[in-house]
Amino acid sequence: MAPKSSTRPTGESVALEKVFGAMSLREVVDYHPRPDFGKAGKAITVNANMYQARFKAQGLTIQHYDIEINPVVKVANQKKPKALLWEVWTQLCQEAPADIKKALNDGAYDMVKNVYTPHKIKTETGQDLGSGKREVIVALKEDGRDTDDDKRRFKVVFQHANEIDLDTIIAFCKGNKQTEQAKEMMLVAIQAMNVLFRQDASVKYKPVGAQGRRFFGADGAQAIPNGGLVHLGFMQSFRFTQSGLPAMQLDTAYSAFVRPGMLSDVAFELLGIGGGGGGGDFGGRGGRGGRGGRGFDRGAPRGRGGPPASHGGGGGNPGTLNQQQIRKLNEILRNAKFQVTHRQTSRIFTMRGLTMQSAADLKFLLSGRDGQADKMVTIVEYYKSQYNMTVTQPRLPCIAYGSKNYVPLEFVKLVQFNSIPMRSLTADQTAAMIKVAAKPPPERANMIRQWRDKLDYGNLPKVKAWNVEVNKEMMKVEARVLPPPTIQYTGQTQRPNFGGWNLKNTKFFKAGKPLESWSILCLDDRFSQQDCQKFATQLVRVLQASNCPVTNSQPSIIPWNAGPPFQNYPGVKTGLQEAARAAYMQSKANPQLIIVLMPRKEIPLYSEIKTVAAQQLKLPVVTQCLQTAKLRNERGLDQYLGNVSMKIHAKLGGVTHAVNVTQALDKTTLMVGADVSHSGPPFSGAIPPSIAVSVAGINGDQDRFLPAIRLQEGRVEIIQDLVGMMKSHIQTFAKNTGKLPLKIVMFRDGVSEGQYAHCAEQEYSQILQAARDIDAKYRPKVTFVVCAKRHNMRFFAINPSDADRTGNLQPGTVVDKGVTHPFAFDFFLQAHAGLQGTARPTHYIVVKDENQFTADKMQGLCNALSYSYARATRSVSLIPVAYYSDIITGKARDLLAKDDQSDVGASVSGLSDSQREKMTFDPLELKKRLEDNPDFNSVAWYM
Numbered sequence: 001m002a003p004k005s006s007t008r009p010t011g012e013s014v015a016l017e018k019v020f021g022a023m024s025l026r027e028v029v030d031y032h033p034r035p036d037f038g039k040a041g042k043a044i045t046v047n048a049n050m051y052q053a054r055f056k057a058q059g060l061t062i063q064h065y066d067i068e069i070n071p072v073v074k075v076a077n078q079k080k081p082k083a084l085l086w087e088v089w090t091q092l093c094q095e096a097p098a099d100i101k102k103a104l105n106d107g108a109y110d111m112v113k114n115v116y117t118p119h120k121i122k123t124e125t126g127q128d129l130g131s132g133k134r135e136v137i138v139a140l141k142e143d144g145r146d147t148d149d150d151k152r153r154f155k156v157v158f159q160h161a162n163e164i165d166l167d168t169i170i171a172f173c174k175g176n177k178q179t180e181q182a183k184e185m186m187l188v189a190i191q192a193m194n195v196l197f198r199q200d201a202s203v204k205y206k207p208v209g210a211q212g213r214r215f216f217g218a219d220g221a222q223a224i225p226n227g228g229l230v231h232l233g234f235m236q237s238f239r240f241t242q243s244g245l246p247a248m249q250l251d252t253a254y255s256a257f258v259r260p261g262m263l264s265d266v267a268f269e270l271l272g273i274g275g276g277g278g279g280g281d282f283g284g285r286g287g288r289g290g291r292g293g294r295g296f297d298r299g300a301p302r303g304r305g306g307p308p309a310s311h312g313g314g315g316g317n318p319g320t321l322n323q324q325q326i327r328k329l330n331e332i333l334r335n336a337k338f339q340v341t342h343r344q345t346s347r348i349f350t351m352r353g354l355t356m357q358s359a360a361d362l363k364f365l366l367s368g369r370d371g372q373a374d375k376m377v378t379i380v381e382y383y384k385s386q387y388n389m390t391v392t393q394p395r396l397p398c399i400a401y402g403s404k405n406y407v408p409l410e411f412v413k414l415v416q417f418n419s420i421p422m423r424s425l426t427a428d429q430t431a432a433m434i435k436v437a438a439k440p441p442p443e444r445a446n447m448i449r450q451w452r453d454k455l456d457y458g459n460l461p462k463v464k465a466w467n468v469e470v471n472k473e474m475m476k477v478e479a480r481v482l483p484p485p486t487i488q489y490t491g492q493t494q495r496p497n498f499g500g501w502n503l504k505n506t507k508f509f510k511a512g513k514p515l516e517s518w519s520i521l522c523l524d525d526r527f528s529q530q531d532c533q534k535f536a537t538q539l540v541r542v543l544q545a546s547n548c549p550v551t552n553s554q555p556s557i558i559p560w561n562a563g564p565p566f567q568n569y570p571g572v573k574t575g576l577q578e579a580a581r582a583a584y585m586q587s588k589a590n591p592q593l594i595i596v597l598m599p600r601k602e603i604p605l606y607s608e609i610k611t612v613a614a615q616q617l618k619l620p621v622v623t624q625c626l627q628t629a630k631l632r633n634e635r636g637l638d639q640y641l642g643n644v645s646m647k648i649h650a651k652l653g654g655v656t657h658a659v660n661v662t663q664a665l666d667k668t669t670l671m672v673g674a675d676v677s678h679s680g681p682p683f684s685g686a687i688p689p690s691i692a693v694s695v696a697g698i699n700g701d702q703d704r705f706l707p708a709i710r711l712q713e714g715r716v717e718i719i720q721d722l723v724g725m726m727k728s729h730i731q732t733f734a735k736n737t738g739k740l741p742l743k744i745v746m747f748r749d750g751v752s753e754g755q756y757a758h759c760a761e762q763e764y765s766q767i768l769q770a771a772r773d774i775d776a777k778y779r780p781k782v783t784f785v786v787c788a789k790r791h792n793m794r795f796f797a798i799n800p801s802d803a804d805r806t807g808n809l810q811p812g813t814v815v816d817k818g819v820t821h822p823f824a825f826d827f828f829l830q831a832h833a834g835l836q837g838t839a840r841p842t843h844y845i846v847v848k849d850e851n852q853f854t855a856d857k858m859q860g861l862c863n864a865l866s867y868s869y870a871r872a873t874r875s876v877s878l879i880p881v882a883y884y885s886d887i888i889t890g891k892a893r894d895l896l897a898k899d900d901q902s903d904v905g906a907s908v909s910g911l912s913d914s915q916r917e918k919m920t921f922d923p924l925e926l927k928k929r930l931e932d933n934p935d936f937n938s939v940a941w942y943m
């Protein structure tokens with residue numbers, strides 16, 4: 001059906017993309033078409049967490065209005081947070097003039113600039129708006145009471161934007177050919193539907209996240225370590241499908257939040273140093289005391305005894321925070337919402353951060369009153385004179401909010417639903433969160449059904465007014481289970497069972513460099529020299545039995561103290577220097593490997609070891625960190641050392657095992673994986689660079705890979721120097737094979753949903769440019785595949801025989817019908833066994849394909865490659881070449897991590913990303929250090 005007449009000109013795809021947010025016109029239209037549907041494998045039927053939706057009649061239309069909400073009295077640089085706009089909208093719906101009340105009450109507002117309603121908003125005289133406007137004044141209440149404050153009065157202006165034909169959604173889902181105008185309208189129609197279904201959820205639950213798809217309730221929250229709470233919620237998203245109808249995707253959601261309460265208590269819990277006995281990254285070990293004497297402080301060879309460890313647990317609130325702890329809190333609490341307790345108000349404020357100065361030291365100029373002179377006062381003095389409030393913890397910092405407002409921690413009360421950034425979660429918090437969230441498939445499916453019943457779409461007044469119906473049962477879709485590949489070792493093969501196989505009595509597929517120059521650095525004072533020697537003997541035995549040659553079976557053993565965590569482990573650098581020197585002196589060759597024995601799993605210590613080894617030694621050195629607790633467990637030691645041997649073998653340039661993919665990729669094919677990683681929002685200062693990584697095969701065997709690493713402008717999704725990176729990969733391939741690759745298959749990870757086609761177009765062009773730079777006549781055929789893991793599609797077995805013992809579908813389950821794109825070449829593949837919780841399939845989207853893959857060929861390739869991950873004896877969820885690029889971006893991020901040294905009082909943390917300056921950097925910084933050291937980069941140092 002043709003779209004209705006519109007007051008907005010067609011072709012405004014850029015404007016529509018801003019409206020639509022998560023998806024662009026190209027994302028849904030400009031894909032390589034699906035060549036066919038897959039046929040290989042055992043056919044089964046599964047449930048998907050999708051509920052089909054339909055419109056009760058044909059020809060339904062929705063009116064789209066632009067809405068502007070501005071204060072009547074304008075204030076310079078006044079912000080309009082979503083919560084304020086929603087408050088104005090809610091009151092407007094209650095108090096609207098009678099002639100537009102129904103249009104507003106049945107309407108849906110996106111909390112930005114768009115209103116969608118099945119009814120027309122007319123002028124005060126009853127005429128269509130046309131190009132005109134309708135204005136309404138809204139006066140917000142103050143603490144539930146009417147107020148004369150003009151700053152609480154807002155002018156709301158409506159202007160008609162478009163009339164949306166909902167039939168464009170149905171036509172797209174059926175794969176019907178559409179005009180450009182209809183395609184654009186379909187995008188806005190999908191967006192309108194998502195905004196509609198958010199309305200009721202936003203009233204009853206707390207929306208979290210930029211896309212407005214996740215909602216959380218206050219009930220059922222579970223405590224996790226270090227002042228955290230995990231809240232249960234749901235995710236919903238109205239989407240097009242290949243089934244001929246759109247569908248509502250519904251899934252469970254879990255997120256970590258800061259415990260509400262007085263910040264003077266919560267802050268120490270977040271750091272793990274408040275009266276609970278240590279356990280945090282910045283706390284002590286629960287009051288046990290130090291381990292090192294003077295040598296411990298210097299980072300010299302370890303001694304015994306010594307002073308108590310700083311900030312050990314059990315001592316209660318220490319009453320002060322050092323700068324590293326304040327920076328950690330700023331990382332967690334940036335933009336947190338809070339109330340103040342020193343005066344009567346129900347207002348909620350937004351935190352800019354903690355000051356580096358304490359309340360006793362932070363001063364400001366107080367304007368004099370009644371003829372008195374201005375004077376400098378501390379925050380402590382100000383609160384005593386202004387509010388008669390004594391600051392009982394004056395050595396703690398203050399909270400900064402607004403432009404120049406400060407309040408001591410003890411007068412700050414955190415409200416509910418302040419998210420903990422994922423990057424800020426401690427290991428204990430992450431483990432506890434996984435324990436809460438990892439529900440087996442039957443339980444997860446039941447929870448989704450419970451949410452469907454609780455949300456009760458059919459009885460929502462707005463949904464009724466829009467004539468939309470959402471099915472009460474999950475979609476049933478066709479799936480297939482692909483057979484696993486044969487795993488190749490030296491002299492034997494293995495056939496996986498439920499995605500896994502046994503390493504016992506196997507010999508690695510290809511040997512790497514003999515292990516000659518290595519040493520052991522022991523950071524656990526309870527693991528003796530004799531323990532270390534016993535471990536070395538056992539490890540050498542396992543390596544040699546696995547076809548990993550060792551020419552030096554008695555490495556040097558260096559006992560050392562890492563130093564205290566609150567001083568950033570000062571002994572790590574000197575310890576690694578000693579270990580590297582010992583390896584060199586023993587072998588007269590640059591060290592190949594330093595094994596570091598850690599007393600327990602400590603993420604900050606691990607990160608410091610990796611950073612120092614890669615960045616701060618004379619040359620970068622490969623390290624392998626182990627936990628001594630695992631080495632003491634005799635029952636599981638052989639299996640543990642077997643797993644470690646796979647990592648070490650890869651770190652020496654060897655190949656643990658291989659799969660045969662020659663039917664899909666011949667010897668002339670260069671396989672590439674790529675990813676871009678972005679830093680989280682900076683607390684202050686400039687935006688740090690993003691990290692781009694590509695990983696490519698060194699020959700046509702598809703079993704050994706080399707990475708290329710670049711720094712690039714922060715928050716840029718497209719790889720900016722892919723030309724240079726691809727030239728390096730192509731030339732390495734040609735050097736090892738004698739020929740330029742005729743085909744290139746790129747698997748691209750780390751692309752957001754709305755950027756698939758745009759990313760492919762830009763990076764595809766760079767690949768071709770790299771080829772031209774090498775030879776003007778060189779033109780390889782390119783296939784570009786996006787690998788998406790950040791989605792909420794889940795599949796559930798209907799027949800118990802189609803599930804494994806965890807309730808998950810069997811490895812190799814592929815879906816390319818029903819819930820996929822109406823016509824693009826995409827599929828969902830669950831190649832791995834779901835060991836914990838419900839398995840998430842990977843969504844593969846073939847955006848460009850000059851190599852003419854069939855569905856079976858591409859799906860079989862991705863399934864087989866998932867069994868080739870070098871350090872595991874089971875299939876993984878993402879093909880390894882893309883997985884490696886993802887791992888390396890994370891490793892590189894740790895190498896670049898630097899604490900924010902600025903004081904919040906002088907920061908620019910109130911600026912948006914578009915207003916911030918970009919941090920200056922050298923794009924080749926990591927290339928020069930890592931890539932340009934072939935002994936390091938020619939092996940899988942990142943394993």
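The sequence shown finishes on residue 943 if you use full-length UniProt numbering, and the numbering steps up by one all the way, no holes. Where is the CB? At the ideal position from N, CA and C, for every residue including glycine. Predicted, not measured: the structure shown is a model, and the values here were computed from it.
Reduced DSSP category for residue i - H, G, I as helix; E, B as strand; rest coil
i, result
"Gly754", "helix"
"Phe349", "strand"
"Gly402", "coil"
"Pro604", "helix"
"Ser938", "coil"
"Leu129", "coil"
"Thr820", "coil"
"Arg929", "helix"
"residue 948", "Residue 948 is absent from the structure shown; the chain starts at 1 and stops at 943."
"Trp518", "strand"
Buried/exposed call for residue i, threshold 16 Cβ in 10 Å
i, result
"Asp856", "buried"
"Val412", "buried"
"Leu619", "exposed"
"Arg387", "Residue 387 is actually Tyr in this sequence, not Arg. Exposed is the call here."
"Met585", "exposed"
"Glu634", "exposed"
"Asp802", "buried"
"Ser346", "exposed"
"Val847", "buried"
"Pro880", "buried"
"Gly402", "exposed"
"Pro246", "buried"
"Leu835", "exposed"
Same chain, Cβ closer than 6 Å to residue i, five either side skipped, listed in chain order
i, result
"Val230", "Gln222, Ile224, Tyr254, Ala256, Met433, Val436"
"Ser679", "Pro688"
"Gly499", "Pro811, His832, Ala833, Arg874, Ser875"
Close Cβ partners of residue i (< 7 Å) along its chain, the five nearest in sequence each way excluded
i, result
"Tyr883", "Tyr869, Val876"
"Glu142", "Asp149, Arg152"
| query | Which full runs of the beta strand (DSSP E) of 3+ residues lie inside the UniProt domain "PAZ" (320-416), going along the chain? | reply | For secondary structure counted as the beta strand (DSSP E) over 3 or more consecutive residues, the UniProt domain "PAZ" (320-416) holds these complete runs in sequence order: 337-340, 349-358, 363-366, 375-378, 397-401, 405-408, 412-414.
| task | Determine, using beta-carbon pairs with one atom in the segment 371-378 and one in the segment 416-424, whether at least three such pairs fall under 8 Å. | result | The segment 371-378 makes no contact with the segment 416-424; the number of CB pairs closer than 8 Å stays below 3.
| request: With a floor of 3 residues, list each beta strand (DSSP E) that falls wholly inside the segment 439-505, ordered by position along the chain. | output: List check, beta strand (DSSP E) in window: 468-470, 475-481, 487-489, 492-494.
| Quick one: complete beta strand (DSSP E) runs, 3+ long, within the segment 635-722? | With a minimum length of 3 residues, the continuous beta strand (DSSP E) runs that stay inside the segment 635-722 are 669-677, 690-697, 705-712.
| query | If you pair each beta-carbon of the segment 478-494 with each one of the segment 646-666, do three or more pairs fall below 8 Å? | reply | Counting Cβ pairs under 8 Å, three or more are found: they touch.
| Can you list the beta strand (DSSP E) stretches of 3 or more residues lying completely in the segment 742-795, in chain order? | For the segment 742-795, whole beta strand (DSSP E) runs of length 3 or above, ordered along the chain, are 743-748, 781-788.
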